[in-house]
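First residue of the sequence shown? That's 5 in this note's numbering, and the numbers climb one at a time after it. All C-beta atoms in this analysis are idealised placements derived from N, C-alpha and C, irrespective of residue type, glycine included. What follows is a single structure, written as structure tokens, with notes after it.
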Amino acid sequence: QAIYLKDYQVPAYLIDETELHFSLGEDHTEVRSVLKMRRNPESTASSAALELHGHESLELCRLAIDGRELGAGDYRREDETLGIDQVPEAFTLECLTRIRPRDNTALEGLYLSDGMYCTQCEAEGFRRITFYLDRPDVMSVFTTTVEADAARYPVLLSNGNPVARGSDEDKGRHWVTWQDPFPKPAYLFALVAGDLAHIERPYSTASGREVMLRIYAERKDLDKLDHAMDSLVKAMRWDEEVYGREYDLDIYMIVAVDFFNMGAMENKGLNIFNTSCVLASPETTTDGAFQRVEGVVAHEYFHNWSGNRVTCRDWFQLSLKEGFTVFRDAEFSADMNSRTVKRVEDVTLLRTAQFAEDAGPMAHPVRPASFIEISNFYTLTVYEKGAEVVRMIHTLLGPELFRKGSDLYFERHDGQAVTTDDFVRAMEEVSGRDLTQFRRWYDQAGTPRLEVSDDYDADSGRYRLHLAQSCPATPGQEQKLPFHIPVTLGLLGPDGRDLILDNGDTSCVLELTDSSQTFTFEGIAARPVPSLLRGFSAPVKLQYPLDRQTLVFLMSHDSDGFNRWDAGQRLAIDVIGELMAQHNAGEPMRLDAALTDAFAAVLDDESLDPAMVAKVLTLPSEAYLSELADCIDVDAIHAARQFAKKALAQALAERFERRYRALAPQQAYAPDAAQVARRSLRNLCLSYLVALETPEYLALAQAQYDSADNMTDRQSALSLIAHSGATDAAAAVLDDFYRRYADQTLVVNQWLSVQAGDPRPGALDRVKELMQHEAFDLRNPNKVRSLISVFCNLNAVNFHAADGSGYDFLAERIIDMNRRNPQMASRLLTPLTRWRKYDAARQALMQSQLRRILDSGELSKDVYEVVSKSLA
Ligand code: ARG
Ligand code: ZN
5 QAIYLKDYQV PAYLIDETEL HFSLGEDHTE VRSVLKMRRN PESTASSAAL
55 ELHGHESLEL CRLAIDGREL GAGDYRREDE TLGIDQVPEA FTLECLTRIR
105 PRDNTALEGL YLSDGMYCTQ CEAEGFRRIT FYLDRPDVMS VFTTTVEADA
155 ARYPVLLSNG NPVARGSDED KGRHWVTWQD PFPKPAYLFA LVAGDLAHIE
205 RPYSTASGRE VMLRIYAERK DLDKLDHAMD SLVKAMRWDE EVYGREYDLD
255 IYMIVAVDFF NMGAMENKGL NIFNTSCVLA SPETTTDGAF QRVEGVVAHE
305 YFHNWSGNRV TCRDWFQLSL KEGFTVFRDA EFSADMNSRT VKRVEDVTLL
355 RTAQFAEDAG PMAHPVRPAS FIEISNFYTL TVYEKGAEVV RMIHTLLGPE
405 LFRKGSDLYF ERHDGQAVTT DDFVRAMEEV SGRDLTQFRR WYDQAGTPRL
455 EVSDDYDADS GRYRLHLAQS CPATPGQEQK LPFHIPVTLG LLGPDGRDLI
505 LDNGDTSCVL ELTDSSQTFT FEGIAARPVP SLLRGFSAPV KLQYPLDRQT
555 LVFLMSHDSD GFNRWDAGQR LAIDVIGELM AQHNAGEPMR LDAALTDAFA
605 AVLDDESLDP AMVAKVLTLP SEAYLSELAD CIDVDAIHAA RQFAKKALAQ
655 ALAERFERRY RALAPQQAYA PDAAQVARRS LRNLCLSYLV ALETPEYLAL
705 AQAQYDSADN MTDRQSALSL IAHSGATDAA AAVLDDFYRR YADQTLVVNQ
755 WLSVQAGDPR PGALDRVKEL MQHEAFDLRN PNKVRSLISV FCNLNAVNFH
805 AADGSGYDFL AERIIDMNRR NPQMASRLLT PLTRWRKYDA ARQALMQSQL
855 RRILDSGELS KDVYEVVSKS LA
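Dropping the structure here:
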């Protein structure tokens with residue numbers, strides 16, 4: 005059932021031209037295709053047989069080769085393929101299929117989202133539209149005609165440029181023909197039809213080409229598209245300046261759809277976006293969501309080069325486009341906003357969720373060696389760790405050589421479908437470096453451990469750092485070879501200032517390639533404190549024990565903003581660990597004043613960027629504390645973290661209140677970096693104050709809720725009140741919020757999330773009630789994520805209730821979702837796959853729910869792969 009990278013073979017046939025005609029109907033859609041095909045000269049296959057991909061749901065109406073219709077005996081249909089034993093060297097294949105977008109609940113292929121037709125073809129959705137060679141190394145020039153009812157579907161879109169249109173007034177139908185001159189694989193095909201409104205803006209590229217940018221949405225959302233348009237223009241400019249990449253078609257379109265399995269999709273010239281990643285307005289959208297829109301718009305735009313012009317040879321190479329593009333969008337966001345804040349956010353995600361993936365049963369290398377269902381490999385490992393791997397190349401080569409390497413890569417492979425090896429080779433060639441060992445980052449799964457110790461000899465002024473690496477076993481990979489790890493390092497003198505190192509700089513990059521190595525520094529006047537892994541220069545778990553005093557020292561002096569933040573996190577983790585031990589010993593918990601003092605100093609320092617202050621003062625999440633634990637003690641983590649929060653609030657209430665008041669808005673809302681920074685710190689201050697649960701501070705939150713002119717402030721206040729012990733106020737504010745925003749789908753989704761994330765008892769019952777609410781819809785992935793995923797992933801105390809009720813609930817949802825939408829079902833499984841990290845009783849409960857799912861009947865490949873690997 006599994007597919008292996010080692011079995012890769014070039015396609016036996018190629019498709020030079022693809023002509024498609026869609027006739028969209030209420031009951032079904034007819035798809036006519038005319039494919040100009042020929043034998044691949046590079047294929048060594050001996051037979052003249054043709055195997056096309058085609059989903060079992062395709063109704064085949066007619067199949068012809070060079071105009072000669074084939075009878076039922078001339079081809080074989082199997083589950084996912086259609087085989088023809090004998091075809092000519094070159095021929096035209098014509099095919100007529102019938103599909104039913106209305107019944108498509110999987111949201112792959114062509115489906116309806118709120119009365120609008122749209123497609124999602126990556127990775128293998130095109131085979132649900134027609135029979136084809138649905139693999140990324142088959143690239144073809146597409147001409148697509150979309151024909152539909154003119155009144156219901158006035159807007160008809162596909163990839164490329166519109167070249168013809170017409171109508172049949174009698175039948176009330178019209179059509180548009182689109183031509184995409186750039187050869188592309190089928191996964192980049194897109195079609196949209198609906199009654200859509202749009203905004204547009206002309207753009208001229210660096211070399212003076214005129215392009216029209218359009219963003220389409222339902223008419224009611226027309227007022228929420230400007231931010232995405234601004235973001236798109238910034239991204240286009242940035243890619244011209246930083247990578248020398250320009251846009252290539254006459255028109256670039258984005259369409260917002262409400263039903264979408266993922267965030268967005270980079271179809272050539274016609275991106276399709278989840279509404280949650282494109283719509284934004286101050287009244288309905290938080291600062292975080294504004295930034296997410298900017299990042300995702302840029303990500304999809306950047307794919308036009310890293311993904312579309314140069315694409316993947318096969319799906320094992322997915323990180324070729326995703327890792328690189330995530331790296332590109334992260335650098336873009338860092339340039340648009342605060343670089344350090346962006347890095348802190350990305351590393352937090354990596355260390356919380358990707359490290360957990362690496363430690364679980366679905367652990368896989370950035371370039372997986374096998375899979376059962378490729379949809380299961382759109383993972384944090386392929387995306388986020390893949391981006392870290394590209395970042396390490398950037399660190400090793402430096403920005404100039406990295407740019408040379410990317411230029412060579414794009415030039416050499418334009419119009420091709422290539423591998424991660426091709427990418428690394430371009431980087432090797434421009435730099436003259438040998439990255440053979442570095443390539444292990446693509447092949448070996450697991451998070452390496454980096455152990456550090458040091459010694460200092462005052463007489464000789466010699467300081468030595470001993471670095472050792474190891475990597476735990478992962479499924480199918482018992483032994484790992486040493487990685488090539490760039491360790492960016494600085495040394496702090498006793499006065500807290502950086503020493504100047506041999507390279508004349510305050511930082512240098514140590515390259516660890518052996519399992520252990522010693523690095524020596526001469527002429528050091530006093531024992532330094534090392535600042536290791538600056539900017540998180542490698543995706544590893546650093547083990548270098550530091551006492552609390554030294555952590556405080558780094559927190560206040562390290563010239564690397566990321567490491568200053570990280571020192572604070574390590575201090576908090578250490579202190580919370582102590583509280584957990586006290587909690588479990590039945591002793592009263594007592595917070596170490598070292599943390600309080602450190603927080604006070606940061607709060608008092610008005611010279612710091614408020615956004616970074618907010619990051620430093622944010623305690624590590626329960627999810628990250630869980631990832632760090634060998635055996636997750638859900639209740640102790642929650643109790644200790646809550647206690648720490650409250651104790652800090654008690655000790656620093658005056659300061660929090662002072663800064664809260666000083667950060668009050670001075671101007672009308674704008675989601676710019678400076679304002680975002682102020683709001684993030686102000687709302688963090690409020691969260692500490694509300695933790696005290698005094699009527700005074702609850703009233704402060706209520707006042708903020710009532711008077712807010714933007715969603716960021718209103719929603720922060722909402723969740724603080726809703727999760728407080730003030731049950732009447734909580735119920736009232738939730739009611740009010742729903743009434744205000746009942747017609748704003750994305751805001752209502754936030755309302756669902758706030759309730760699903762309520763750590764107080766009774767949350768599961770509330771979630772079950774909400775599943776019956778008019779605001780909920782099991783067919784809409786955003787709603788499922790807002791309610792069910794938030795409960796199962798962000799509400800640990802309730803989801804992991806000792807009686808197993810949370811697990812039982814999730815298993816039921818998955819069994820149900822498996823039939824409707826396999827991709828969603830499979831994603832819901834994640835928290836259950838982590839069962840080995842819990843105590844024996846919870847392990848047994850979680851395993852039994854996994855077995856229940858396995859035994860529940862016919863499983864999709866998506867769910868089967870994750871469940872079976874989890875139980876293996
Ligand atoms: N390529 C898209 C992006 O990263 C994601 C598509 C995900 N599709 C899927 N079937 N998992 O922007
Ligand atoms: Zn992507």
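Please state if the CB of Arg317 and the CB of Pro140 are separated by a distance shorter than 8 Å. yes
With a cut-off of 8 Å, does the C-beta of Thr385 fall near any C-beta of chain D? In the displayed structure, chain D is absent; only one protein chain is listed.
If we call anything under 8 Å between Cβ atoms a contact, is Thr33 one with Ile103? yes
In three-state DSSP terms, what is Val91? coil
Using the Cβ count rule (16 or more neighbours within 10 Å means buried), how would you classify Tyr709? buried
C-alpha gap between Met821 and Arg296, whole angstroms: 27 Å
Starting from Lys188 and walking both ways along the alpha helix (DSSP H), at which residues does that stretch end? First-last for Lys188: Arg177 to Lys188, but that is the beta strand (DSSP E), not the alpha helix (DSSP H).
Tell me the DSSP bridge mates of Thr22? Leu39 and Phe146
With distances taken from CA atoms, which of Gln827, Gln847 and Arg856 is nearest Ser379? Gln827
Which one or two residues does DSSP pair with Gln708 in a beta bridge? Its beta-bridge partners do not exist; DSSP assigns none.
Is there at least one non-hydrogen atom of the ligand ZN closer than 7 Å to the beta-carbon of Glu388? no
Given Arg36, which residues of its chain have a CB within under 6 Å of its CB, disregarding the five upstream and five downstream residues? His25 and Leu100
Can you round the beta-carbon distance between Ala571 and Leu555 to whole angstroms, since I take them to be within the 8 Å contact cut? 5 Å
Mind checking Leu693: buried by the 16 CB within 10 Å criterion, or exposed? buried
Taking the CB atoms as reference points, tell me whether Asn163 and Gly273 lie closer together than 8 Å. yes
From Gln853 to Glu250, what distance separates their C-alpha atoms? 51 Å
On the three-pair Cβ rule with 8 Å, is the stretch 425 to 443 touching the stretch 451 to 465? no
Taking the alpha-carbon of Arg682 as reference, which of Ser630, Met616, Tyr413 and Tyr745 has the nearest alpha-carbon? Met616
Span separating the alpha-carbon of Tyr598 from that of Ala357: Per the sequence shown, the amino acid found at residue 598 is Ala instead of Tyr. One C-alpha to the other measures close to 29 Å.
On the three-state DSSP scale, how would you describe Asn714? coil
Any non-hydrogen atom of the ligand GDP within 7 Å of Glu335 CB: The ligand content of the structure shown is limited to the ligand ARG and the ligand ZN, which means the ligand GDP is not among them.
Using the Cα positions of Glu526 and Ile504, report the straight-line distance between them to the nearest angstrom. 12 Å
Could you tell me whether the Cβ atoms of Phe795 and Ala848 are closer together than 8 Å? no
Euclidean distance between Cα positions of Ile7 and Leu722: 48 Å
Beta-bridge pairing of Met850 - partner residues as DSSP gives them: BP columns for Met850 are empty, so no partner.
Met593 and Ile641 - do their beta-carbons sit closer together than 8 Å? no
How is Ser728 classed by DSSP in three states: helix, strand or coil? coil
Suppose the cutoff is 6 Å on Cβ atoms and the five residues either side in sequence are ignored; what does the same chain contact list for Glu98 look like? Val38 and Ala68
If you drop the 5 nearest sequence neighbours on each side, which residues of the same chain put their C-beta closer than 7 Å to that of Val533? Leu496, Thr554, Phe557 and Leu558
DSSP state of Asn825 mapped onto helix, strand, coil: coil
Between Val680, Arg663, Phe540 and Asn784, which lies nearest to Ala293 when the distance is taken from Cα to Cα? Val680
Closer than 8 Å by C-beta to Leu782: which residues in its own chain qualify, once you throw out the five before and the five after it? Chain order, please. Met775, Val788, Asp820, Met821 and Arg824
Using a Cβ distance threshold of 8 Å, determine whether the stretch 236 to 248 contacts the stretch 177 to 187, with at least three qualifying pairs required. no
Give me the residue from Ala674, Tyr673, Ala653 and Ala672 with the minimum Cα distance to Tyr664. Ala653
Unbroken alpha helix (DSSP H) runs of length 4 or more, entirely within the stretch 491 to 572: which are they? 552 to 561
How long is the line joining the alpha carbons of Thr96 and Glu270, rounded to whole angstroms? 29 Å
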